[in-house]
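Enquirer: The following block contains the structure, expressed as structure tokens.
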Amino acid sequence: MKLIARFTAPVAALALAGLTATACAPQTSDNGAGRDDRSGTLRVWLFQEVNNKPKEQVVDAAVAAFEKSHEGAEVEVEYIPVDTRAQRIKAAFNDPDSAPDVIEYGNTDTAGYVKDGGLADVSAEFGAWDEAKDTDPTARQSVTVDGKVYGAPLFVGVRALYYRTDVLGELGLDVPTTQDELIATAKKIRKERPELYGLAVGGAYTYGAMPFIWANGGEMAVEKDGTWKAAIDGAEAQKGIAAYTSLFGDDNCPAAKCAAMGGNATATAFAAGKAAMVIGGDFSHQAIEAGSVKGKYAVVPLPGLKKGEIAPAFAGGNNIGVLRSTGHRTLAVDLMKELAGKRTQAELFDAMGFLPTYTDVRDTAAKKEPFVAPFIETLAADTKFVPASPAWGQIDASLVLPTMFQEIVSGKKDVPAAAGDAAEKMDAAFASAG
Numbered sequence: 043m044k045l046i047a048r049f050t051a052p053v054a055a056l057a058l059a060g061l062t063a064t065a066c067a068p069q070t071s072d073n074g075a076g077r078d079d080r081s082g083t084l085r086v087w088l089f090q091e092v093n094n095k096p097k098e099q100v101v102d103a104a105v106a107a108f109e110k111s112h113e114g115a116e117v118e119v120e121y122i123p124v125d126t127r128a129q130r131i132k133a134a135f136n137d138p139d140s141a142p143d144v145i146e147y148g149n150t151d152t153a154g155y156v157k158d159g160g161l162a163d164v165s166a167e168f169g170a171w172d173e174a175k176d177t178d179p180t181a182r183q184s185v186t187v188d189g190k191v192y193g194a195p196l197f198v199g200v201r202a203l204y205y206r207t208d209v210l211g212e213l214g215l216d217v218p219t220t221q222d223e224l225i226a227t228a229k230k231i232r233k234e235r236p237e238l239y240g241l242a243v244g245g246a247y248t249y250g251a252m253p254f255i256w257a258n259g260g261e262m263a264v265e266k267d268g269t270w271k272a273a274i275d276g277a278e279a280q281k282g283i284a285a286y287t288s289l290f291g292d293d294n295c296p297a298a299k300c301a302a303m304g305g306n307a308t309a310t311a312f313a314a315g316k317a318a319m320v321i322g323g324d325f326s327h328q329a330i331e332a333g334s335v336k337g338k339y340a341v342v343p344l345p346g347l348k349k350g351e352i353a354p355a356f357a358g359g360n361n362i363g364v365l366r367s368t369g370h371r372t373l374a375v376d377l378m379k380e381l382a383g384k385r386t387q388a389e390l391f392d393a394m395g396f397l398p399t400y401t402d403v404r405d406t407a408a409k410k411e412p413f414v415a416p417f418i419e420t421l422a423a424d425t426k427f428v429p430a431s432p433a434w435g436q437i438d439a440s441l442v443l444p445t446m447f448q449e450i451v452s453g454k455k456d457v458p459a460a461a462g463d464a465a466e467k468m469d470a471a472f473a474s475a476g
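Quick note: to get our numbering, add 42 to the position in the sequence shown (first position is 1).
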């Protein structure tokens, strides 16, 4: 295996290409059409993590196993920054000669990448793959568009409520069992311990806000006859938006500091001992364990509106896909299976805390590490996904929902006005995506 040392490429050129690709959305050409070379070099792009070394070690082992079983094949792995993935991958779709054969991609990008013609349909190979039968339905959905499969799930991520056991204990507070209790508890903590955020929230933390919207019966958008229409301005959605944005203020998380925060920033605040609670993912566990709150926190599913209810969580995660332009299709599919197979997912859980997408591997992980129990309970209760439309990538990249939250918490607009504006932007994106 060759590990490409660079973590960035000619960024300016790729960014320009990515912007052009986004604007024109052309279908990529099949430079590998008619070719299926069974030897040679396969190029792989994977996401660079904050602490990437453990991931590299797992990937190195998977690649070594692949190369051992595929004589004459060699793999080059490059780790690319997540925040520039859109430009780089769109550019690759439009320049097949320099494109990788296999990529890691976020599951919210699936529909857009399929529309752009970049991902190969691997339905037949996935269906015949013995391990695939144990993939959980939510993860399978994340690689499926119009009944066809465009990759293999790599890991699934959900969020739950991290809370400081010492802080709640010292203040004599119970663990919240409803969203109303959560908001009230956060504000009680802030009042008694003003140096802390009661619950760290972020105006740019879309996936932390969604459970409030879904718990109130709201939706991001609804589909009818193949057409998506925004529902973020619906009455139920507005109740959830109001609940979430009520957490921004001097009585919990001051808007001046918290309006710009995203999910990573809220988890970092909790890990550093600056917050008593946070909505964090299973993927946040490693970073929180490395922080000053180690041994002083616990995790429970994020509560819903009523006691005993779990708020619906966004089912995030990443997938491994094969590019349609590859000239090594058979090898690329085999490498996809190696990178997303049970053995690799088990090792990624041990190394990074990534939650496996196979039900049997996840059960084993839960027995090994009890911390995953609340996240598995959340997965079992109810999970939601973003609209399976190629427009979602544009909506996400344009910061439509963070802008809505930030306008509300800054006092520029009230909930109905901000939600209405967000709905208009979403509908425009849905219309442009076709």
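Think of the CB as a built atom: it goes at the ideal place given N, C-alpha and C, for glycine as much as any other residue. Quick caveat, the model's predicted, so the values are computed rather than measured.
So Ala-285 and Ile-352 are in contact, right, with Cβ under 8 Å, and what is the actual spacing, rounded?
Expert: What you label residue 285 is simply residue 243 of the sequence shown in a count that begins at 1. What you label residue 352 is simply residue 310 of the sequence shown in a count that begins at 1. The pair is not a contact, with the Cβ atoms about 16 Å apart (cut-off 8 Å).
Enquirer: For a quick check, are the C-beta atoms of Phe-472 and Trp-270 less than 8 Å apart?
Expert: Position 430 of the sequence shown, counted from the start, is the residue given in the question as residue 472. Position 228 of the sequence shown, counted from the start, is the residue given in the question as residue 270. For Phe-472 and Trp-270, yes; Cβs fall inside 8 Å.
Enquirer: Could you pull out every residue in the same chain whose Cβ sits closer than 7 Å to the Cβ of Gly-199, ignoring the five residues on either side in sequence?
Expert: Translated into the one-based positions of the sequence shown, residue 199 becomes position 157. So the list reads Gly-323, Asp-324, Phe-325, Gly-358, Gly-359, Leu-397, once near-sequence residues are dropped.
Enquirer: Which residues does DSSP list as the beta-bridge partners of Ala-115?
Expert: As a position in the sequence shown, residue 115 is number 73, starting the count at 1. Note: Ala-115 sits in a beta bridge opposite Gly-82.
Enquirer: Measuring alpha carbon to alpha carbon, tell me which of Ala-340, Ala-430, Met-394, Asp-222 ends up nearest Val-264.
Expert: Within the sequence shown, residue 264 is the residue found at index 222, counting from 1. If we check each option's Cα against that of Val-264, Ala-430 comes out closest.
Enquirer: Would you report the Cα separation of Gly-250 and Ala-329, rounded to the nearest angstrom?
Expert: Numbered from its first residue, the sequence shown carries residue 250 at position 208. Numbered from its first residue, the sequence shown carries residue 329 at position 287. For Gly-250 and Ala-329, the distance between alpha carbons rounds to 17 Å.
Enquirer: How many Å lie between Ala-106 and Thr-386 at the Cα?
Expert: Your numbering for residue 106 matches position 64 in the sequence shown. Your numbering for residue 386 matches position 344 in the sequence shown. If you take the alpha carbons of Ala-106 and Thr-386, they lie about 12 Å apart.
Enquirer: Give a yes or no on contact between the segment 439-450 and the segment 359-370, applying the rule of three or more CB pairs nearer than 8 Å.
Expert: No: fewer than three Cβ pairs fall under 8 Å.
Enquirer: Going along the chain, which residues of its own chain have a beta-carbon closer than 8 Å to the beta-carbon of Gly-245, five neighbours each way excluded?
Expert: Counting from one through the sequence shown, the residue named residue 245 turns up at place 203. Within the same chain, Gly-245 has close Cβ partners Phe-290, Ala-297, Cys-300, Ala-301, Ala-302, Met-303, Pro-444, Phe-447, Gln-448, Val-451.
Enquirer: Checking 8 Å against the spacing of the C-beta atoms, do Ala-465 and Asp-275 come in under that value?
Expert: Translated into positions along the sequence shown, residue 465 becomes position 423. Translated into positions along the sequence shown, residue 275 becomes position 233. Cβ atoms of Ala-465 and Asp-275: closer than 8 Å.
Enquirer: Relative to the C-alpha of Glu-380, which residue among Ile-145, Met-468, Ala-153, Asp-208 is closest?
Expert: For this step, residue 380 is matched to residue 338 along the sequence shown. When only C-alpha atoms are compared, the closest one is Ile-145.
Enquirer: Got a sec? Which residues, its chain only, sit under 6 Å from Val-156 by beta carbon, not counting five neighbours each side?
Expert: Here residue 156 refers to the residue found at position 114 of the sequence shown. Within the same chain, Val-156 has close Cβ partners Val-187, Tyr-192.
Enquirer: Here's the rule: buried if 16 or more other CB atoms are within 10 angstroms of the residue's CB, otherwise exposed. What is Asn-93?
Expert: Reading the sequence shown from its first residue, position 51 is the one you call residue 93. Label assigned to Asn-93: exposed.
Enquirer: Let's test the definition: count the other Cβ atoms within 10 Å of the Cβ of Glu-120 and tell me whether it reaches 16, buried, or not, exposed.
Expert: Here residue 120 refers to the residue found at position 78 when the sequence shown is read from its first residue. Classification for Glu-120: buried.
Enquirer: Might you give, ordered along the chain, the residues of its own chain that have their beta carbon closer than 8 Å to the beta carbon of Val-403, omitting 5 neighbours on each side?
Expert: In the sequence shown, the residue the question calls residue 403 occupies position 361. Result list for Val-403: Asp-176, Lys-384, Gln-387, Ala-388, Phe-391, in chain order.
Enquirer: Over the uninterrupted beta strand (DSSP E) stretch that includes Phe-413, give me the two end residues.
Expert: By 1-based counting over the sequence shown, the position of residue 413 is 371. It is not in any beta strand (DSSP E) - Phe-413 carries neither H nor E in the DSSP assignment.
Enquirer: Let me know the secondary structure DSSP gives Met-303 once reduced to three states.
Expert: Looking up residue 303 in the sequence shown gives position 261. Reduced to three states, the DSSP call for Met-303 is coil.
Enquirer: Alpha carbon to alpha carbon, how far is Ala-59 from Ala-133?
Expert: Residue mapping note: residue 59 aligns to position 17 of the sequence shown, counting from 1. Residue mapping note: residue 133 aligns to position 91 of the sequence shown, counting from 1. Because the pLDDT of Ala-59 is 28, which lies under 50, any placement of that residue in the model is unreliable, and the number read from its coordinates should be weighed accordingly. Rounded to the nearest angstrom, the two C-alpha atoms are 5 Å apart.
Enquirer: Count the CB pairs spanning the segment 149-163 and the segment 108-123 that are closer than 8 Å, and state whether there are at least three.
Expert: Segments in contact, no.
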